[in-house]
Amino acid sequence: MSRRYVVVAGNIGAGKSTLVRLLAEHLGFIAYLEPVLENPFLKDFYADMPRWAFHSQLFFLSHRAEMHRQLSEDPHSVVQDRSIYEDAEIFAKNLHIQGIMAEREWYIYKALYETLAEILPHPSLVIYIRASVSTLQSRIKQRGRDFESSIPDSYLEGLNELYEEWISSFTFAPILTIPGDSLDFVAESRDLQVVLRTIIKRLEDNQPYLFPYEM
Numbered sequence: 044m045s046r047r048y049v050v051v052a053g054n055i056g057a058g059k060s061t062l063v064r065l066l067a068e069h070l071g072f073i074a075y076l077e078p079v080l081e082n083p084f085l086k087d088f089y090a091d092m093p094r095w096a097f098h099s100q101l102f103f104l105s106h107r108a109e110m111h112r113q114l115s116e117d118p119h120s121v122v123q124d125r126s127i128y129e130d131a132e133i134f135a136k137n138l139h140i141q142g143i144m145a146e147r148e149w150y151i152y153k154a155l156y157e158t159l160a161e162i163l164p165h166p167s168l169v170i171y172i173r174a175s176v177s178t179l180q181s182r183i184k185q186r187g188r189d190f191e192s193s194i195p196d197s198y199l200e201g202l203n204e205l206y207e208e209w210i211s212s213f214t215f216a217p218i219l220t221i222p223g224d225s226l227d228f229v230a231e232s233r234d235l236q237v238v239l240r241t242i243i244k245r246l247e248d249n250q251p252y253l254f255p256y257e258m
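Residue numbers (our numbering): 44 to 258.
This is the structure we're talking about:
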């Protein structure tokens, strides 16, 4: 298989990081996990979200763009946990919808993001893990992170709606949708083999059309 650049996308608790590690282990890809960034605006953001949302999101966008550039130049096949697309299309957009990011700030942010999305190298494949809120909450509980323990269902549902909206209109790369409610690739080895075989098949498929690939 020639060099590939794969993005794994999905809501909080969908299993993105786990799938990235499994692809690295079983397919020999280099894993690029979501970095823990020291955002200098984050403390201010939590103290006054409308005042600092734009600054905080621009910081994340610039770092994600640089990471995207670096991994696209890696000579090895790479798999990325969360992409620049999700930063903008899901999380920044959600702040705008909630009225936390002002309209004029969102306009500037979106224009910058769209320019970056056009000029940065596009992935070979986007793997979207689709999961219901009940599945997400179950997996969040299993991994036991204190800061995630009080995430409300309504917040996850809102993000799910944005994910579906984004994935249905995404045209920069082919999409493989994994049904996260029915395939537990973490606990079930049989499900993992199904997922791995399907990913390999999709990567080897030279079909030029861009369409969601449902299992």
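For every residue, glycine included, the Cβ atom is placed at its ideal position computed from N, Cα and C.
Note that the structure is predicted; figures quoted are calculated from it, not measured.
Per DSSP, cross-strand counterpart(s) of residue i
i, result
"glycine 53", "Ile172"
"aspartate 124", "Val51"
"isoleucine 73", "Val121"
Helix, strand or coil at residue i [DSSP, three-state]
i, result
"threonine 61", "helix"
"arginine 245", "helix"
"methionine 144", "coil"
"valine 229", "coil"
"isoleucine 194", "coil"
"lysine 153", "helix"
"arginine 46", "coil"
"histidine 139", "helix"
"glutamate 81", "coil"
"aspartate 224", "coil"
"phenylalanine 213", "coil"
"leucine 163", "coil"
8 Å contact criterion, which residue i and residue j should meet: CB distance rounded
i, j, result
"leucine 96", "isoleucine 140", "Note that residue 96 is alanine in the sequence shown, not leucine. No, alanine 96 and isoleucine 140 are not in contact; Cβ-Cβ is about 12 Å, not under 8 Å."
"leucine 246", "arginine 47", "6 Å"
"tyrosine 206", "isoleucine 133", "6 Å"
"leucine 179", "alanine 57", "6 Å"
"leucine 65", "leucine 104", "Contact doesn't hold; Cβ gap of about 28 Å is too wide."
"leucine 138", "glutamine 100", "7 Å"
"glutamine 123", "valine 51", "7 Å"
"isoleucine 170", "isoleucine 242", "7 Å"
Alpha helix (DSSP H) segment containing residue i, residue limits
i, result
"arginine 112", "92-115"
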